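Each position in the sequence shown, counted from 1, maps to that position plus 29 in this note's numbering. Even for Gly, the Cβ is constructed at its ideal location relative to N, Cα and C. Since this is a predicted model, take the numbers as computed values, not measurements.
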Amino acid sequence: MSTAIEYQKVMSEIVYVNLPGPTEPVPGMNGTDLLHGFLTEFHRAQSPEVKAFVDSACLKWNVHYRTSKDS
30 MSTAIEYQKV
40 MSEIVYVNLP
50 GPTEPVPGMN
60 GTDLLHGFLT
70 EFHRAQSPEV
80 KAFVDSACLK
90 WNVHYRTSKD
100 S
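Written as structure tokens, this is what we have:
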């Protein structure tokens, strides 16, 4: 009988979202710019519940927001 092999994938890549991002979509924007604006919109959320959800999702997916002063 074969033995079970335990496997755990460890995500080591970090995704940085540079702030500030676009505030509105404009014609001709590429997919990267659209995603950048979409993700920065979450960072601007005012609701504490939304902020907590975004923070927990970012922690899980290894996404970090950074400003020019963080560089």
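Rounded to the nearest angstrom, the Cβ distance from T69 to V46 is 6 Å, consistent with a contact under 8 Å. Beta-bridge annotation (DSSP): V46 is paired with Y94.
When the five nearest sequence neighbours on each side are left out, the beta carbons in the same chain lying within less than 8 Å of the beta carbon of H93 are those of I43, V44, Y45, V46, C87, in order along the chain.
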